[in-house]
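Chains A and B supply the protein sequences, listed in that same order.
Following numbering that gives the first Met the number 0, the numbering of the first sequence begins with 0 at its first residue and continues without gaps.
Following numbering that gives the first Met the number 0, the numbering of the second sequence begins with 0 at its first residue and continues without gaps.
Beta carbons: idealized from backbone N, C-alpha and C, even for Gly.
Number of protein chains: 2
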Amino acid sequence: MSFDLSETLDLLDRTPAMLDALLRGTGASWHACNEGPDTWSAFDVVGHLIHAEETDWVPRARIILEEGEARPFEPFDRFAQLDRFKGWTLGQLLDRFAELRQASLETVRGWSLTGAQLDILGRHPAFGPVTLRQLLATWAVHDLNHLAQIARVMAKRYGDEVGPWRAYLSVLSR
Amino acid sequence: MSFDLSETLDLLDRTPAMLDALLRGTGASWHACNEGPDTWSAFDVVGHLIHAEETDWVPRARIILEEGEARPFEPFDRFAQLDRFKGWTLGQLLDRFAELRQASLETVRGWSLTGAQLDILGRHPAFGPVTLRQLLATWAVHDLNHLAQIARVMAKRYGDEVGPWRAYLSVLSR
């Protein structure tokens, strides 16, 4: 199904409340477990979403709208959150993410983007030309990608505890 | 990390609000899309969760507590929801699931299960002996499994729209 700006922003608007419902107030056994060395917990993923909100989505959209292909995006640091949020609580991360996301969506809605603007090209440091529409679709899919990751990481806490049912639970084998 | 009854029930308690935040009020473009023939949309998954709530988790737990291994569980119909919920709205499904989940958790909390009770064996029609603890762990992982599925199915709506970013979004290749 083709890109719909309003439905994309609607989905992006849902993520803070969805993460709250799933994570806020959980014990560390749920939100601090990961999939082994160099993998992320739910806590790490929320930190990553904060960092992306600050340095990726709206900043890149602004570069596209203001400078088009003339200025490549800054490369995104996928690991910044691992140091930056040491000592934070999960509640603090969820609060910060919700504030940033709300501000991001206010900015994008304020632009009242036209179809022609969605076609404007920017320059990705690895891929080359990308449209503003692709960036916004990616923002939504990136949320869903990390929601699926959080569900998988949490599920693996009970990878052994489910016993023979493991065979029916594909999330445990990914 | 080992099984914790209270944290398991806490997670199960979160699922209705989490699905509400993600799905209630979305356009059909988000909740009716699937991954192709014989695959499920978010709508279908919520129907499946309702059917499991009615016929799987608490009914099987009750069989274990009352009859142990003497009576095998009824086989679970994984496709019942596809006919049963035709004509329902997503809002009706979410309401029904929330009511059933609340009632399920009241029942289980009312049992005040001991560690010895969690060790009681029942009989799965395919696997043979399983403990009540394994059933309850599976209930939680089953929620997370289907949450990951919903996120994946919704993400694929924009499988083409993300353009070259597809390479970074593993949820699109599963």
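Expected contact under 8 Å - CB spacing of residue i and residue j to nearest Å
i        : j        : result
A/PHE2   : B/TYR167 : 18 Å between Cβ atoms; not a contact.
A/ASN144 : B/VAL107 : At roughly 33 Å, the Cβ-Cβ gap does not stay under 8 Å, so A/ASN144 and B/VAL107 are not in contact.
A/GLU68  : A/GLY121 : 6 Å
B/MET17  : A/LEU10  : About 14 Å; that fails the 8 Å criterion.
B/TRP39  : B/MET153 : With 8 Å as the limit, B/TRP39 and B/MET153 do not qualify as a contact, their Cβ atoms being about 12 Å apart.
A/VAL161 : B/VAL140 : 5 Å
B/VAL174 : B/LEU104 : Look at the range of chain B in this structure, 0 to 173, and you will see that residue 174 of chain B is not part of it.
A/LEU117 : A/LEU131 : 5 Å
B/HIS47  : B/GLN80  : 5 Å
B/GLU59  : B/LEU134 : Just to set this straight, residue 59 of chain B is Arg in the shown sequence, not Glu. That pair is a contact at about 6 Å.
A/PHE75  : A/ALA51  : 7 Å
A/GLY90  : A/ARG23  : 6 Å
B/VAL129 : A/PRO163 : 6 Å
B/LYS155 : B/GLU34  : 6 Å
A/LEU64  : A/ILE119 : 7 Å
B/ILE49  : B/LEU112 : About 24 Å; that fails the 8 Å criterion.
B/ALA136 : B/THR7   : 7 Å
B/ARG151 : B/ARG165 : That pair is no contact at about 14 Å.
A/PRO71  : A/PRO124 : 5 Å
Boundaries (first-last residue) of the alpha helix (DSSP H) holding residue i
i        : result
B/THR25  : Element bounds for B/THR25: n/a, residue is neither H nor E.
B/LEU146 : 131-155
B/LEU48  : 41-54
A/ARG100 : 89-110
A/ALA79  : 79-83
One or two residues paired with residue i in a DSSP bridge
i        : result
B/LEU120 : B/THR130
**OP:** Scan the segment 86-104 of chain A for residues whose Cβ lies nearer than 7 Å to a Cβ of chain B and list them as they occur along the chain.
**Re:** none
**OP:** Determine which residues of the segment 48-73 of chain A have a Cβ less than 8 Å from any Cβ of chain B, and write them out in chain order.
**Re:** none
Original post:
For the segment 137-150 of chain B, which residues have a beta carbon sitting closer than 9 Å to at least one beta carbon of chain A?
Top reply: THR137, ALA139, VAL140, HIS141, ASP142, LEU143, ASN144, HIS145, LEU146, ALA147, GLN148, ILE149 and ALA150
Subject >> Cβ-based contacts, 8 Å cut-off: residues of the segment 30-45 of chain A near chain B >> reply: CYS32
Subject >> Interface positions of the segment 116-130 of chain B facing chain A (Cβ-Cβ less than 9 Å), listed along the chain >> reply: HIS123, ALA125, PHE126, GLY127, PRO128, VAL129 and THR130
**OP:** Please list the residues of the segment 154-166 of chain A that have a C-beta atom closer than 7 Å to any C-beta atom in chain B, keeping them in chain order.
**Re:** ALA154, ARG156, TYR157, GLU160, VAL161, GLY162, PRO163 and TRP164
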